[in-house]
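For the sequence shown, the positions run 2 to 590 when the numbering used here is used. Positions of the beta carbon are idealized from the N, C-alpha and C atoms, including for glycine. Heads up, the thing below is written out as structure tokens.
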Amino acid sequence: MIVFPSLLFSQSTFPYERSWATYFGGFETRINGVYENPSDQTLLIDGYTSKATYGTGDLSAYYSQFVSAGSYPMNSNGSTLLGKFSQSGNLLSAQYHPLISSLAITRYLVYRDQFGNQYKIGGPAPLNSPVLPPGVWLSTRVTDNDWVLAKYDENNNLIWETYLPGTIYSDNLDVDSNGNIYITGTTSWQGLGDPGTFRPDFEVVSQNGALKPNSFIVKLNAQGKKIWGTYVPSLYITAQDLYEDNLFIVGGNDLNDAVTALATPETFQEVKSSHFIARFDGNTGQRVWGTYYGVPNVLTGAGIWQIKANSSGVYIGGQTFYLPGSYYATPGAHKQQTTDGFDLFLAKFNDNGYRIWGTYVGSEGTEWHGENRVLDLKDDKLLITGSSSGTENIATPGAFISTKPNPGYPDAFFSMFNTAGTHLFTSYYGGTFTSDPATDSQIGGQFSHSSDVFYIFGSSGNPNDIATANSHQPNIIPPPGTTIGRTGFIAKFSLASLSTSETAPAKDLVLYNNPSDGNFSLKGTVLSKESHIINITDMSGRQIYSSPISKTAEQHFRLADQLANGNYLISVSKTDKTPVKSFKLTIRK
Numbered sequence: 002m003i004v005f006p007s008l009l010f011s012q013s014t015f016p017y018e019r020s021w022a023t024y025f026g027g028f029e030t031r032i033n034g035v036y037e038n039p040s041d042q043t044l045l046i047d048g049y050t051s052k053a054t055y056g057t058g059d060l061s062a063y064y065s066q067f068v069s070a071g072s073y074p075m076n077s078n079g080s081t082l083l084g085k086f087s088q089s090g091n092l093l094s095a096q097y098h099p100l101i102s103s104l105a106i107t108r109y110l111v112y113r114d115q116f117g118n119q120y121k122i123g124g125p126a127p128l129n130s131p132v133l134p135p136g137v138w139l140s141t142r143v144t145d146n147d148w149v150l151a152k153y154d155e156n157n158n159l160i161w162e163t164y165l166p167g168t169i170y171s172d173n174l175d176v177d178s179n180g181n182i183y184i185t186g187t188t189s190w191q192g193l194g195d196p197g198t199f200r201p202d203f204e205v206v207s208q209n210g211a212l213k214p215n216s217f218i219v220k221l222n223a224q225g226k227k228i229w230g231t232y233v234p235s236l237y238i239t240a241q242d243l244y245e246d247n248l249f250i251v252g253g254n255d256l257n258d259a260v261t262a263l264a265t266p267e268t269f270q271e272v273k274s275s276h277f278i279a280r281f282d283g284n285t286g287q288r289v290w291g292t293y294y295g296v297p298n299v300l301t302g303a304g305i306w307q308i309k310a311n312s313s314g315v316y317i318g319g320q321t322f323y324l325p326g327s328y329y330a331t332p333g334a335h336k337q338q339t340t341d342g343f344d345l346f347l348a349k350f351n352d353n354g355y356r357i358w359g360t361y362v363g364s365e366g367t368e369w370h371g372e373n374r375v376l377d378l379k380d381d382k383l384l385i386t387g388s389s390s391g392t393e394n395i396a397t398p399g400a401f402i403s404t405k406p407n408p409g410y411p412d413a414f415f416s417m418f419n420t421a422g423t424h425l426f427t428s429y430y431g432g433t434f435t436s437d438p439a440t441d442s443q444i445g446g447q448f449s450h451s452s453d454v455f456y457i458f459g460s461s462g463n464p465n466d467i468a469t470a471n472s473h474q475p476n477i478i479p480p481p482g483t484t485i486g487r488t489g490f491i492a493k494f495s496l497a498s499l500s501t502s503e504t505a506p507a508k509d510l511v512l513y514n515n516p517s518d519g520n521f522s523l524k525g526t527v528l529s530k531e532s533h534i535i536n537i538t539d540m541s542g543r544q545i546y547s548s549p550i551s552k553t554a555e556q557h558f559r560l561a562d563q564l565a566n567g568n569y570l571i572s573v574s575k576t577d578k579t580p581v582k583s584f585k586l587t588i589r590k
């Protein structure tokens with residue numbers, strides 16, 4: 002029998018504290034992500050500002066106050082906004098990025114690689130767009146709906162740009178350690194596919210006399226030249242993630258309603274539904290597996306907005322619309338059903354396309370995702386963000402904000418799970434409205450790559466408890482003639498500081514003989530203070546072993562006959578289920 006850790010270790014603690022938070026930018030600003038610069042440890046805050054169409058007076062002067070003196074002015078319709086902050090939240094510089102290109106179209110920053118290079122997309126390109134410099138994939142337009150991908154260095158110098166043969170979703174771009182670029186979208190161009198890939202040929206399907214665009218995946222090298230391209234027989238691809246040499250994608254609906262082409266045998270679901278998940282070999286462009294994910298034979302009512310992968314599995318986040326039931330949850334889940342049909346959901350799949358666990362996230366009111374970065378993954382933690390209306394409180398006791406600030410109105414929230422499916426906490430973000438409740442917050446979340454920090458960001462019109470006192474921009478600054486609107490914000494959460502008496506016992510708790518043949522020991526002062534529980538799961542979350550531990554400083558385990566070669570997660574907790582410490586155990590025989 003599979004026992005889900007969420008049944009055993011439901012948590013109510015919040016081990017983080019808000020280090021600082023600030024608004025950033027003028028009205029109609031949205032913060033999209035954080036890049037931690039390894040060269041100087043600064044934080045680069047990526048956002049976008051659309052020029053407000055309301056207010057009075059000189060809006061150019063209004064928007065200039067949010068960037069450093071001498072910076073480029075904001076473009077007529079809007080500009081990428083970049084802020085450089087210290088780790089403590091002090092603004093070092095801010096600027097609107099100028100449009101450096103032979104094409105006068107708005108560009109959106111969608112990705113930064115490990116070297117600080119920036120990747121921006123924009124479109125559609127005008128019909129009279131010029132020929133781009135040679136040496137890239139497409140230097141001339143091939144459809145009436147081409148977009149443009151441009152690569153800039155960390156100082157915003159243009160390196161190259163190429164046309165893309167169709168529509169690109171905002172954050173569907175990844176870059177590997179060699180600088181190769183993976184991008185997905187939809188196209189009506191029939192010259193994209195390459196021999197030896199999953200679908201080298203365009204599939205001709207018509208609807209009401211019009212040709213349906215095909216989805217596609219393209220891999221470019223660091224110089225912008227195509228390595229391979231393949232079509233995907235779906236209407237769209239909503240998200241992607243790159244892990245090692247594998248590209249994971251999610252999307253919706255078969256291109257041809259009469260076939261079931263998006264699933265492979267022996268995966269979680271072969272029956273057609275509204276969405277699919279697939280794994281592709283990044284070297285060849287061949288599909289490894291695919292599975293449908295959604296109520297069988299129901300082609301509406303849900304959306305998958307994010308996918309993340311690491312060595313422990315593949316994780317997806319989405320939401321339901323008018324779809325009550327229990328399809329998206331497994332036995333023992335944090336939330337096993339939705340009665341109103343408007344909930345978020347979270348699920349884990351293994352490397353072979355089979356679901357390990359799934360859960361709903363939310364209340365009996367309405368929940369939805371508001372930003373692009375609604376799910377993030379780091380090591381054994383998952384961060385999911387959204388908004389919740391209704392009157393039910395979904396926050397956990399002791400969370401950053403543990404009661405619903407505005408019952409009956411939308412409030413932003415963030416939740417954390419571990420990769421075994423255990424719900425760790427949920428907290429609201431933002432205080433009580435004092436003005437128009439339509440100015441609620443839309444938030445995304447992101448883990449730090451280098452520390453136990455995570456960031457919450459997005460846009461908000463809430464004047465309360467979004468920013469901290471004495472921060473760079475503690476208040477919303479509206480343009481002349483108006484008071485209600487949204488602006489960007491960023492918040493940093495760090496692990497809470499514990500007293501010496503709290504940290505010392507757990508600090509000396511160690512696991513030794515690791516790797517081992519299955520016989521190992523735990524040793525630490527904390528074990529002699531009170532009884533504990535040890536729980537061992539494999540990396541899919543399946544429980545292998547669970548046992549009480551008596552009050553003895555050194556504990557020995559002889560489990561060679563129960564543990565096969567591989568990696569396992571050892572969790573030590575108090576008898577009241579408060580976590581103490583976790584270890585990764587490797588078995589080699």
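Same chain, Cβ closer than 8 Å to residue i, five either side skipped, listed in chain order
| i | result |
| --- | --- |
| residue 298 | 272, 273, 274 |
| residue 338 | 325, 326, 327, 330, 361 |
| residue 503 | Low confidence applies here, because residue 503 scores a pLDDT of 44, under 50, leaving its location unreliable; read the following figure in that light. There are no such residues. |
| residue 2 | With a pLDDT of only 29 at residue 2, under 50, the local geometry of the prediction cannot be trusted, and the value read off the model is given with reservation. Here the set comprises nothing. |
| residue 17 | 401, 455, 494, 495, 496, 497 |
| residue 551 | 532 |
| residue 157 | 98, 99, 101, 119 |
Range covered by the beta strand (DSSP E) that runs through residue i
| i | result |
| --- | --- |
| residue 183 | 182-188 |
| residue 513 | 511-513 |
| residue 586 | 580-588 |
| residue 47 | 44-51 |
| residue 559 | 555-559 |
| residue 478 | Neither: residue 478 is in no beta strand (DSSP E) and is coded neither H nor E. |
| residue 91 | Per DSSP, residue 91 belongs to no beta strand (DSSP E) and is neither H nor E. |
| residue 204 | Looking at the DSSP string, residue 204 is not in any beta strand (DSSP E), and its letter there is neither H nor E. |
| residue 361 | 356-362 |
| residue 300 | Run containing residue 300: none; DSSP gives neither H nor E here. |
Residues that residue i bridges to, as DSSP identifies them
| i | result |
| --- | --- |
| residue 533 | 550, 575 |
| residue 384 | 377, 417 |
| residue 491 | 23, 458 |
| residue 35 | 46 |
| residue 81 | 49 |
| residue 149 | 123, 164 |
| residue 447 | 456 |
| residue 17 | 496 |
| residue 176 | 182 |
| residue 412 | 389 |
| residue 317 | 308, 348 |
| residue 290 | 280 |
Own chain partners of residue i with C-beta closer than 7 Å, once the 5 adjacent residues on each side are dropped
| i | result |
| --- | --- |
| residue 577 | none |
| residue 138 | 163, 221, 225, 226, 227 |
| residue 406 | 412, 429, 431, 432, 433 |
| residue 559 | 520 |
| residue 96 | 68, 69, 72, 73, 83 |
| residue 245 | none |
Unbroken alpha helix (DSSP H) run spanning residue i, endpoints
| i | result |
| --- | --- |
| residue 64 | 60-65 |
Proximal residues to residue i (C-beta, below 6 Å), its chain only, five neighbours per side dropped
| i | result |
| --- | --- |
| residue 443 | 371, 372, 459, 460 |
| residue 468 | 22, 23, 24, 475 |
| residue 345 | 320, 362, 363, 368, 387 |
| residue 161 | 137, 152, 225 |
| residue 264 | 271, 291, 292, 293 |
| residue 408 | 392 |
| residue 377 | 384, 446, 447, 448 |
| residue 322 | 302 |
| residue 516 | 587, 589 |
| residue 509 | 525, 526 |
| residue 580 | 574 |
Residue-level contact to chain B via CB, residue i, 8 Å cutoff
| i | result |
| --- | --- |
| residue 570 | Of the protein chains in the structure, only one exists, and it is not chain B. |
- Task: Please go through the segment 227-287 and give each complete beta strand (DSSP E) segment of 3 or more residues, from N-terminal end onward.
- Result: List check, beta strand (DSSP E) in window: 227-233, 235-244, 247-255, 276-282.
- Are the segment 173-180 and the segment 108-118 touching by the rule of at least three beta carbon pairs closer than 8 Å? yes
- Message: Does the structure place the segment 372-381 close enough to the segment 390-410 that three or more beta carbon pairs sit under 8 Å?
- Response: no
- Mind the definition here: the segment 470-490 touches the segment 518-527 only if three or more C-beta pairs lie below 8 Å; say whether that holds. The segment 470-490, when compared against the segment 518-527, does not touch it at the 8 Å Cβ threshold.
- Between the segment 352-359 and the segment 282-296, do at least 3 Cβ pairs fall closer than 8 Å? The answer is yes - the segment 282-296 touches the segment 352-359, with three or more Cβ pairs under 8 Å.
- Task: Please confirm if the segment 232-242 is in contact with the segment 301-317, defined as three or more CB-CB distances below 8 Å between the two stretches.
- Result: Contact check between the segment 232-242 and the segment 301-317: three or more CB pairs, one atom from each, fall below 8 Å, which counts as touching.
- Flag this pair as touching only if the segment 77-94 and the segment 123-131 have three or more C-beta atom pairs under 8 Å; answer yes or no. no
- Message: With three or more beta-carbon pairs closer than 8 Å as the criterion, would you say the segment 249-258 touches the segment 143-163?
- Response: No: fewer than three Cβ pairs fall under 8 Å.
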